[in-house]
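**Q** This is the structure I want to talk about, given as structure tokens.
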Ligand code: PMP
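Numbering (the numbering used here), first residue to last: 344 to 649.
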């Protein structure tokens, strides 16, 4: 990743100088929390989509991991994201804030170290490949089980949660698929390695309940857009064979956006192409992030030219 400037603990520094010492407990024990946010080009200039919700989730993730306070408030970190985008001169980019444990914490006690915060931004186009949006992806049900919420805190974006996703994703791609769908410890569908999952049956759009998964901000956005289109939207437990029998399956995430799943475990989903409801939701999502949907105005933070 080529970053001109990275924001580190309140200051912008050249990207090449943003180095972490080898002896950083965050790296050894995964004691860090992060966010993935996107900034889009709009008619009124670059705007960050749902910035407040992402930074609030960052604070909540930190609290779930055990930090009692962070050195920067939600407002300060929102402004820091905007400052980093301005400094790097991007119109569209991905934004990655990371809170990491350093200066102590070797005894596995978060209270004995300090929280430092960095923010990087870089241009990142299609997370699941250029053709995924139109043609859909091929997925497998992973041989790896998603974390149990009493083992890892699935609703927090903790760095140490992600080897679970790396195991599943690497296996999936080596098997020739694009993405892995993970089941929970009861064998029910939970989510993908970096995205939430939905099924469509008739006029109903269903997604697994929030308890076991990362409560995605795109998931919530898409549920809102679907409801406003008059679709019936619900959270329900979903079994592996319900995936196979769905009319449409799609995944959602900030990086992935809204991506159809055209095949699961060698079974064609629907007609093997992006279904009509998936397409409508994709279009509405695109319009929302680009400021073309009046109801989405409250979701955009314009990167002012200060
Ligand atoms: N699940 C997992 C495991 C993820 O890493 C992500 C990406 N943050 C998501 C779901 C989607 O969340 P969001 O829509 O907030 O990006």
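Every residue gets a Cβ at the ideal spot worked out from N, C-alpha and C, and that includes glycine. Since we're looking at a predicted model, the values are computed, not measured.
Would you mind reading off the limits of the beta strand (DSSP E) that contains residue 576?
**A** Residue numbering aside, residue 576 sits at position 233 when the chain shown is read from its first letter. Run containing residue 576: 575-578, per the beta strand (DSSP E) assignment.
**Q** Name the two residues that bound the continuous alpha helix (DSSP H) containing residue 555.
**A** In the chain shown, the residue the question calls residue 555 occupies position 212. From DSSP, residue 555 is part of no alpha helix (DSSP H); its letter is neither H nor E.
**Q** What did DSSP end up calling residue 483 once you bin it into helix, strand or coil?
**A** Translated into the one-based positions of the chain shown, residue 483 becomes position 140. The answer is strand: DSSP assigns residue 483 an E or B state.
**Q** Where does residue 620 fall in DSSP's three states?
**A** In the chain shown, the residue the question calls residue 620 occupies position 277. DSSP places residue 620 in helix when its eight states are reduced to three.
**Q** Contact check, residue 441 vs residue 453 under 8 angstroms by CB: the rounded distance?
**A** Taking the first residue of the chain shown as position 1, residue 441 is located at position 98. Taking the first residue of the chain shown as position 1, residue 453 is located at position 110. About 15 angstroms separates the two Cβ atoms, so there is no contact after all.
**Q** Which partner residues does residue 601 have in the DSSP bridge list?
**A** Position 258 of the chain shown, counted from the first residue, corresponds to residue 601. The bridge partners DSSP lists for residue 601 are 595.
**Q** Do the segment 601-616 and the segment 460-479 meet, that is, are 3 or more Cβ pairs less than 8 angstroms apart?
**A** yes
**Q** How about residue 547 and residue 516: are their beta carbons less than 9 angstroms apart?
**A** Locating residue 547 in the chain shown gives position 204, where the first residue counts as 1. Locating residue 516 in the chain shown gives position 173, where the first residue counts as 1. Not closer than 9 angstroms, so no.
**Q** Under the criterion of a Cβ to heavy atom distance below 8 angstroms, does residue 428 qualify as lining the ligand PMP?
**A** As a position in the chain shown, residue 428 is number 85, starting the count at 1. Because no heavy atom of the ligand PMP lies under 8 angstroms away, the Cβ of residue 428 does not count as near it: no.
**Q** What do you get for residue 412, buried or exposed, if any count of 16 or more other CB atoms within 10 angstroms of its CB means buried?
**A** Start at 1 with the first residue of the chain shown, and residue 412 comes out as number 69. It counts as exposed.
**Q** Grab the span of the beta strand (DSSP E) containing residue 328 for me, first residue to last.
**A** Since the first residue of the chain shown is 344 and the last is 649, residue 328 is not available in this structure.
**Q** What's the gap between the Cα of residue 558 and the Cα of residue 574?
**A** As a first step, residue 558 is located in the chain shown; it is residue number 215 there, counting from the start. As a first step, residue 574 is located in the chain shown; it is residue number 231 there, counting from the start. Near 21 angstroms, if we compare the C-alpha coordinates of residue 574 and residue 558.
**Q** Is residue 439 closer than 9 angstroms to residue 463 when the C-beta atoms are compared?
**A** For the purposes of this step, residue 463 is taken as residue 120 along the chain shown, with counting starting at 1. For the purposes of this step, residue 439 is taken as residue 96 along the chain shown, with counting starting at 1. Result yes, Cβ atoms of residue 463 and residue 439 sit closer than 9 angstroms.
**Q** Going by C-alpha distance, which of 367, 586, 595 is nearest residue 483?
**A** Working through the chain shown from its first residue, we reach residue 483 at position 140. Residue 586 holds the alpha-carbon nearest to the alpha-carbon of residue 483 among 367, 586, 595.
**Q** Do residue 521 and residue 469 have their CB atoms nearer than 9 angstroms?
**A** As a first step, residue 521 is located in the chain shown; it is residue number 178 there, counting from the start. As a first step, residue 469 is located in the chain shown; it is residue number 126 there, counting from the start. Using a Cβ distance threshold of 9 angstroms, residue 521 and residue 469 do not count as a contacting pair.
**Q** Give me the residue from 532, 549, 435 with the minimum Cα distance to residue 633.
**A** Translated into positions along the chain shown, residue 633 becomes position 290. That would be 435, whose Cα lies nearest to the Cα of residue 633.
**Q** With respect to the beta strand (DSSP E) encompassing residue 466, which residues constitute its N-terminal and C-terminal limits?
**A** Indexing the chain shown from 1 puts residue 466 at position 123. Careful: residue 466 lies outside any beta strand (DSSP E) and carries neither H nor E.
**Q** Roughly how many angstroms separate the alpha carbons of residue 408 and residue 374, rounded to a whole number?
**A** Residue numbering aside, residue 408 sits at position 65 when the chain shown is read from its first letter. Residue numbering aside, residue 374 sits at position 31 when the chain shown is read from its first letter. Near 8 angstroms, if we compare the C-alpha coordinates of residue 374 and residue 408.
**Q** Which of the three DSSP states, helix, strand or coil, is assigned to residue 352?
**A** Residue 352 sits at position 9 when you count from the first residue of the chain shown. DSSP places residue 352 in coil when its eight states are reduced to three.
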